[in-house]
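Peer 1: Sequential numbering from 1 applies to the sequence shown in the UniProt record's numbering.
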Amino acid sequence: MADNIARVFAAATAPDPTRPLLTWYDDATGERTELSGATCANWVAKTANLLVDGLGLGPGDTARVLLPPHWQTAAVLLGAWSAGLTVAEDPGDVDVLFVAVGRLAEADAWSAGDRYVLALDPFALPMRQVPPGFADFVSEVRVHGDHFTPYAGPGPDDADLLARAAARAEDLGISPDARVLIDVDALPDPVDWLLAPLTAHASTVLCANPDPTRLPSRATSERVTQTLP
Numbered sequence: 001m002a003d004n005i006a007r008v009f010a011a012a013t014a015p016d017p018t019r020p021l022l023t024w025y026d027d028a029t030g031e032r033t034e035l036s037g038a039t040c041a042n043w044v045a046k047t048a049n050l051l052v053d054g055l056g057l058g059p060g061d062t063a064r065v066l067l068p069p070h071w072q073t074a075a076v077l078l079g080a081w082s083a084g085l086t087v088a089e090d091p092g093d094v095d096v097l098f099v100a101v102g103r104l105a106e107a108d109a110w111s112a113g114d115r116y117v118l119a120l121d122p123f124a125l126p127m128r129q130v131p132p133g134f135a136d137f138v139s140e141v142r143v144h145g146d147h148f149t150p151y152a153g154p155g156p157d158d159a160d161l162l163a164r165a166a167a168r169a170e171d172l173g174i175s176p177d178a179r180v181l182i183d184v185d186a187l188p189d190p191v192d193w194l195l196a197p198l199t200a201h202a203s204t205v206l207c208a209n210p211d212p213t214r215l216p217s218r219a220t221s222e223r224v225t226q227t228l229p
């Protein structure tokens, strides 16, 4: 079993980097964003370069990600894992914090050297007003390079996360190379909506605030082969 998240991500995108890897819907806002494997890899690389070149972080350092399921959350998490960081769960000191603009109150539980806020704009536009004490993730990440060479070894939590992801892919019945529609409100854990499909080399259609009346036509238009949960 693979024990390196960056290699699993690379293997999932390698067969055809141009195919849709992650398609994001939010039925509350009408948002639809589609990322090919290559586009997602660029965002992941930019995030990893921000962490390594911009902040001087690497293996042994920690991040906290206070973000809901979202395509930008996927980039942040995969970028952090590619850079060898541990994504912490328990409140305390971390080296870098990523927080959604709607969850700023939760940031007080974390002491972080660097703090980034994400508006999760549908077009990844920069924020017009950035809260004091934070940097705008989108503005900062865009200036970094599109390519990153991940560390050869696994991050501290990679083996455990990938073992959990492989088990969840089996539990959820995610078939290899499937096109999976996932209700992220029902499956908010990134092990379920992000890592489990990657371990199966599946592509995803992620839906937040799903409108049940739209799902059948969406499944058809997106060529979905499986629907979860």
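Backbone N, C-alpha and C fix where the C-beta goes; we use that ideal spot for every residue, glycine too. Remember, it's a predicted structure, so these values are computed and weren't measured experimentally.
To which residues of the same chain is T62 closer than 7 Å at the C-beta, ignoring the five residues directly before and after it?
Peer 2: In the sequence shown, counting from the first residue as 1, residue 62 sits at position 62. Result list for T62: L85, T86, A88, V94, D95, in chain order.
Peer 1: Quick one: is T13 buried, meaning 16 or more other Cβ sit within 10 Å of its Cβ, or exposed?
Peer 2: Translated into positions along the sequence shown, residue 13 becomes position 13. Per the 10 Å Cβ criterion, buried.
Peer 1: Could you name the residues that DSSP lists as bridge partners for residue 237?
Peer 2: Residue numbering for the chain in the displayed model covers 1 to 229; residue 237 lies beyond these limits and cannot be assessed.
Peer 1: So, are the CB atoms of T29 and A75 less than 8 Å apart?
Peer 2: Start at 1 with the first residue of the sequence shown, and residue 29 comes out as number 29. Start at 1 with the first residue of the sequence shown, and residue 75 comes out as number 75. No.
Peer 1: Return the bridge partner residues of A100 from the DSSP annotation.
Peer 2: The residue you call residue 100 lines up with position 100 of the sequence shown. Bridge partners of A100: L118.
Peer 1: Can at least three beta-carbon pairs, one atom from the stretch 49 to 62 and one from the stretch 19 to 35, be found at a separation below 8 Å?
Peer 2: No, they do not touch.
Peer 1: Using 10 angstroms around the beta-carbon of F123, count the other beta-carbons present and answer buried if the total reaches 16, otherwise exposed.
Peer 2: Taking the sequence shown and counting its residues from 1, one reaches residue 123 at position 123. Label assigned to F123: exposed.
Peer 1: For L181, which residues from the same chain have a beta carbon less than 6 Å from its beta carbon, with the 5 sequence-adjacent residues on both sides left out?
Peer 2: Numbered from its first residue, the sequence shown carries residue 181 at position 181. Excluding positions up to five away in sequence, the list reads V205, A219, V224, T227.
Peer 1: So which of D157, P229, P154, T199 has the shortest CA-CA distance to P188?
Peer 2: Within the sequence shown, the letter at position 188 stands for residue 188. It is P229 whose Cα lies nearest to the Cα of P188.
Peer 1: Can you find the residues in the same chain that come closer than 8 Å, C-beta to C-beta, to L215, ignoring five residues on each side of it along the sequence?
Peer 2: Here residue 215 is taken as the residue at index 215 of the sequence shown, counted from 1. Cβ neighbours of L215 beyond the five flanking positions: L181, C207, T227.
Peer 1: For my contact list, W110 and L97 are in at a C-beta cut-off of 8 Å; report their separation, rounded to the angstrom.
Peer 2: Indexing the sequence shown from 1 puts residue 110 at position 110. Indexing the sequence shown from 1 puts residue 97 at position 97. At roughly 5 Å, the Cβ-Cβ gap stays under 8 Å, so W110 and L97 are in contact.
Peer 1: Use the C-beta contact count for Q72: other C-beta atoms within 10 angstroms, 16 or more gives buried, fewer gives exposed.
Peer 2: In the sequence shown, residue 72 corresponds to position 72, counting from 1. So Q72 ends up on the buried side.
Peer 1: Among A41, A112, A38, which has the Cα closest to the Cα of L66?
Peer 2: Counting from one through the sequence shown, the residue named residue 66 turns up at place 66. Of the listed residues, the one whose Cα sits closest to L66 is A112.
Peer 1: Closest to P212 by C-alpha separation, out of R168, D183, H201, V99, would be which residue?
Peer 2: For the purposes of this step, residue 212 is taken as the residue at position 212 of the sequence shown. For P212, the nearest C-alpha among the options comes from D183.
Peer 1: What does a CB cutoff of less than 6 Å around A139 pick up in its chain, not counting 5 residues either side in sequence?
Peer 2: The residue labelled residue 139 in the question sits at position 139 within the sequence shown. The displayed chain sequence assigns Ser, not Ala, to residue 139. Excluding positions up to five away in sequence, the list reads P126.
Peer 1: Using the Cα positions of S221 and I174, report the straight-line distance between them to the nearest angstrom.
Peer 2: The residue you call residue 221 lines up with position 221 of the sequence shown. The residue you call residue 174 lines up with position 174 of the sequence shown. So the alpha carbons of these two residues sit roughly 20 Å apart.
Peer 1: Rounded to whole angstroms, what's the CA-CA distance from H147 to P17? Just pull it up for me.
Peer 2: Here the question's residue 147 lines up with position 147 in the sequence shown. Here the question's residue 17 lines up with position 17 in the sequence shown. Roughly 14 Å between the two C-alpha positions.
Peer 1: When the distance is taken between beta carbons, is L51 closer than 8 Å to G92?
Peer 2: Against the sequence shown, residue 92 aligns to sequence position 92. Against the sequence shown, residue 51 aligns to sequence position 51. No.
Peer 1: Taking the C-alpha atoms as reference points, what is the distance between P132 and A105?
Peer 2: Looking up residue 132 in the sequence shown gives position 132. Looking up residue 105 in the sequence shown gives position 105. Whole-angstrom Cα-Cα distance: 13 Å.
Peer 1: Bridge partners of S221, per DSSP?
Peer 2: Here residue 221 refers to the residue found at position 221 of the sequence shown. According to DSSP, which records beta bridges pairwise, S221 is partnered with nothing at all.
Peer 1: Do you know how far the Cα of W193 is from the Cα of A45?
Peer 2: Position 45 of the sequence shown, counting from 1, holds the residue named residue 45. Position 193 of the sequence shown, counting from 1, holds the residue named residue 193. Near 20 Å, if we compare the C-alpha coordinates of W193 and A45.
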